[in-house]
Each structure stands twice: as structure tokens, then as C-alpha cells.
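There are 2 protein chains.
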Amino acid sequence: MRVDEVKPVSVAGTMAFRIGTLGAILTERFTAALVPLDLKPKHVGLMTLLEARGAASQLDVAKAMGVAPSLVVTLADHLERLGAISRVRDPGDRRRQLLDLTAEGRALLGRCLEVTLELDAELTGGLGPRDRAVLARVLSTLAAQAGLPV
Amino acid sequence: MRVDEVKPVSVAGTMAFRIGTLGAILTERFTAALVPLDLKPKHVGLMTLLEARGAASQLDVAKAMGVAPSLVVTLADHLERLGAISRVRDPGDRRRQLLDLTAEGRALLGRCLEVTLELDAELTGGLGPRDRAVLARVLSTLAAQAGLPV
DNA sequence: GTCGAATCATTCATGCTCTGAATGATGTAT
DNA sequence: ATACATCATTCAGAGCATGAATGATTCGAC
Numbered sequence: 001m002r003v004d005e006v007k008p009v010s011v012a013g014t015m016a017f018r019i020g021t022l023g024a025i026l027t028e029r030f031t032a033a034l035v036p037l038d039l040k041p042k043h044v045g046l047m048t049l050l051e052a053r054g055a056a057s058q059l060d061v062a063k064a065m066g067v068a069p070s071l072v073v074t075l076a077d078h079l080e081r082l083g084a085i086s087r088v089r090d091p092g093d094r095r096r097q098l099l100d101l102t103a104e105g106r107a108l109l110g111r112c113l114e115v116t117l118e119l120d121a122e123l124t125g126g127l128g129p130r131d132r133a134v135l136a137r138v139l140s141t142l143a144a145q146a147g148l149p150v
Numbered sequence: 151m152r153v154d155e156v157k158p159v160s161v162a163g164t165m166a167f168r169i170g171t172l173g174a175i176l177t178e179r180f181t182a183a184l185v186p187l188d189l190k191p192k193h194v195g196l197m198t199l200l201e202a203r204g205a206a207s208q209l210d211v212a213k214a215m216g217v218a219p220s221l222v223v224t225l226a227d228h229l230e231r232l233g234a235i236s237r238v239r240d241p242g243d244r245r246r247q248l249l250d251l252t253a254e255g256r257a258l259l260g261r262c263l264e265v266t267l268e269l270d271a272e273l274t275g276g277l278g279p280r281d282r283a284v285l286a287r288v289l290s291t292l293a294a295q296a297g298l299p300v
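Here the protein sequences line up with chains U and R, keeping their order.
FYI, my numbering numbers position 79 of the first sequence as 79, with every residue one higher than the one before it.
When you read off a place in the second sequence, starting at 1, and then add 150, the result is the number in my numbering.
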């Protein structure tokens with residue numbers, strides 16, 4: 001048996017635990033970095049979703065994000081106030097509110113991208129270029145498997 | 151420039167965003183799987199800390215976990231009620247409560263390990279053995295860099 | 001030794017995020 | 001036309017975590 005394939009003997013040694021904990025740390029840093037932009041991670045998640053899928057109803061957004069529709073109301077309220085998204089009644093079905101990114105929203109997402117790239121750099125700064133590349137590829141696979149945007 | 155090293159052009163493509171989101175999903179599954187054990191992820195985090203460091207005061211635990219000392223009170227209350235940890239006044243400094251894992255706590259951690267191993271299997275089931283090994287190694291590096299237990 | 005400041009655990013009130021039920025508006029089927 | 005389903009919205013409340021206040025113990029200056 002190769003050393004690489006030894007089973008973890010403690011919870012702390014598992015990949016799930018490590019990704020969970022690293023994810024929490026990253027999310028905390030992300031949250032802090034978003035304060036000047038007047039955004040929370042969920043707002044970025046919503047904008048990212050619209051970026052990937054184009055205009056969508058609030059219910060679709062709620063399903064894709066795995067949150068209650070009532071939460072989308074609050075998130076969309078805030079993003080609309082910032083001018084980041086448009087919110088119009090679907091002419092074909094006037095029950096639905098269609099959300100879409102505005103040019104301002106795209107610009108805001110650009111700022112968020114800078115933040116996450118900075119986080120990436122901090123996170124993987126200690127890694128060699130080869131490991132970093134493999135990690136990026138594997139995460140891409142796992143993200144696709146989990147149904148994350150893009 | 152190699153394809154592997156292209157910079158992400160969207161927030162969703164960054165490693166930080168992906169680890170954050172995957173971490174949230176894993177934590178949610180972990181939380182659900184812990185219900186029968188009457189535990190929350192933070193309880194497991196506390197027990198894991200004691201497993202790695204041995205007995206520790208509540209304040210030390212709070213610092214290591216990055217939470218308020220008052221939260222440790224609640225977590226320790228619950229774990230003590232389950233018989234998973236012992237809680238004794240430090241004879242050398244009677245202000246401090248020394249927490250330590252009991253045999254029952256170790257057994258409980260064993261159950262938690264099964265859960266996380268199962269999560270690992272689900273998570274990396276679609277990966278080849280080589281990618282899985284690299285991922286495990288890289289996560290180990292990142293975890294150590296972030297100061298996680300073990 | 002004694003007094004005042006510092007340290008640790010604990011309690012409690014509060015804030016924040018999110019959910020689920022209730023409401024109203026619109027659409028669909030018979 | 002009527003009954004039912006769907007979508008957005010509001011609102012009350014649950015759950016988790018924090019920070020201030022309290023009490024017990026220890027440490028340091030004198």
C-alpha cells in the first residue's frame with residue numbers, strides 16, 4: 001500500500017473535515033473583505049448565479065441556492081438598492097419577478113473577483129505550481145459534480 | 151502559458167469560492183449525519199481538539215476554536231452531559247476548568263470518523279486514485295498552514 | 001500579609017441569519 | 001366561472017453566536 005492512500009485515523013485527518021473547516025475560514029475572510037462593498041457572501045452567490053444563467057425568477061434562484069424563497073426577497077431587495085440587479089415582472093407571467101445583472105452588478109462582481117483571487121493567492125501561496133494546478137482542476141471537477149455555477 | 155494556470159474569470163471559478171461552497175455543503179451533510187449522535191459540528195471540533203492536544207482549559211479551547219469563551223461553556227455542558235468529556239477544576243489554578251476526552255468520548259469520535267470517511271468517499275468517488283491522493287496531500291498542507299488540529 | 005488589578009468561567013440579554021406559515025396577486029384547468 | 005396551483009412578500013419565531021456583567025480565584029505591588 002502506498003503512503004498516499006492510508007486512511008485517516010482521526011476526524012481531523014479527513015478531507016471532508018478539512019474542506020469544511022477551510023471553507024469556514026475562507027468564508028469568514030471573504031465576508032470581512034466584502035464589508036466595504038456592502039455585500040454578504042450570499043449576495044455574491046446570487047449575482048454569480050445570474051451571471052452564469054442569465055435572468056431568473058426568484059423561485060428559481062431560491063432553488064438553485066438551496067435557500068427559502070423569502071430569503072431571496074431580502075437579498076434581491078438589497079442588490080436592487082445597490083443597483084446591481086434589475087427586478088421586473090415577467091411579462092409572460094406576472095407572478096414572477098425576473099432578476100438580472102445590471103452593468104453595475106457586473107462591475108461589482110469584478111470587484112468580488114479581485115477579492116477571491118487575492119484569497120486564492122493567500123491560500124495557495126505555500127503550494128508549488130504543480131500542486132496548485134492539480135488542486136484547481138480537482139476543485140473544478142468537484143464543483144461541477146456538486147452543481148455549482150460555472 | 152499552460153492551460154492549467156489560466157486565471158479564473160469569474161468568482162465561481164476561484165478556488166476560494168469553491169472551497170467555501172463545498173465546505174458549506176459538506177458541513178450541512180455532516181450536521182445531518184450527526185443528529186443521531188446528538189452532536190453538532192462544533193462539538194466534534196471541540197472533541198477533536200482535545201484528542202489532538204490533550205486536556206485543555208476552556209479558554210484555551212475557545213482561542214483555538216476561534217469562538218467566544220461563553221460558547222465553550224455551552225458546548226462543554228452538552229458534551230459533559232453525554233459523558234464524552236470530563237470537566238475538573240485545575241488543582242494548580244482553581245479558576246480553570248480542565249476539559250479532557252473520556253473513553254466514551256473517544257468512542258463517540260470513532261463514530262464521527264466513520265461519518266467523515268463516508269463523506270470523503272462520496273466527495274471523491276468520481277476522482278481517480280491519483281487525484282484523490284494529491285488532493286489529500288494538498289489539503290493536509292493547507293490544513294497545517296491554517297493551524298487546524300493534526 | 002493585604003489590597004487592587006487581572007484572569008477564568010458563567011449567565012444573560014441581544015443581534016443576526018434563516019426558515020416556515022399566512023397573505024395577496026396572478027395564472028391554469030375544468 | 002370557479003376552484004386550485006404558483007409566485008412573491010411579510011412577519012413571527014427558532015437557532016447560533018457574541019459581548020457585557022457577575023462572581024470566584026489568582027497575581028503583583030507595596
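Every residue, glycine too, gets a C-beta built ideally from N, C-alpha and C.
Within the segment 61-97 of chain U, the runs of alpha helix (DSSP H) that reach at least 4 residues and sit entirely inside it are, in chain order, 69-82. For the options R:A283, R:A294, R:L249 and R:T224, the alpha carbon positioned closest to that of G204 (chain R) is the one of R:L249.
A direct Cα-to-Cα measurement between Q97 (chain U) and R89 (chain U) gives close to 5 Å. Taking C-beta separations shorter than 8 Å and ignoring five residues to either side along the sequence, the partners of L108 (chain U) in its chain run L37, L39, M47, L82 and A84, following chain order. Exclusion of the five residues before and after Q208 (chain R) leaves P219, V222, V223, A226, R246, Q247 and L249 as the residues of its chain whose Cβ lies within less than 8 Å of its Cβ.
For L119 (chain U), the CB contacts under 8 Å within the same chain, skipping 5 residues up- and downstream, are L26, R29, F30 and A33 in chain order. Residues of chain R with a Cβ closer than 9 Å to the Cβ of D131 (chain U) are, in chain order, V284, R287, V288 and T291. Not a single CB atom of chain U sits nearer than 7 Å to the CB of T252 (chain R).
Going by DSSP, V194 (chain R) is part of the alpha helix (DSSP H) stretching over P191 to R203. Under a 10 Å Cβ-count criterion, G13 (chain U) is classified as buried, with 16 or more other Cβ atoms of the shown protein chains found around its own Cβ. Taking the CA atoms as reference points, E201 (chain R) sits about 38 Å from H43 (chain U).
One finds V44, T48, L109, C112, L113 and T116 in chain U with Cβ atoms closer than 7 Å to the Cβ of V161 (chain R), taken in chain order.
The DSSP-derived three-state label of L251 (chain R) is strand.
Taking C-beta atoms under 8 Å as the contact rule, L267 (chain R) and L22 (chain U) fail to qualify, at a distance of about 18 Å.
For V300 (chain R), the chain U residues whose C-beta falls within less than 7 Å of its own C-beta are S10, A12 and G13, listed in chain order. Short of 8 Å from the beta carbon of E104 (chain U), and not among the five residues preceding or following it, lie these beta carbons of its own chain, in chain order: L82, G83 and A84. If the five residues before and after P149 (chain U) are omitted, its C-beta is found closer than 6 Å to the C-beta atoms of T48, L49 and A52, all from its own chain and listed in chain order.
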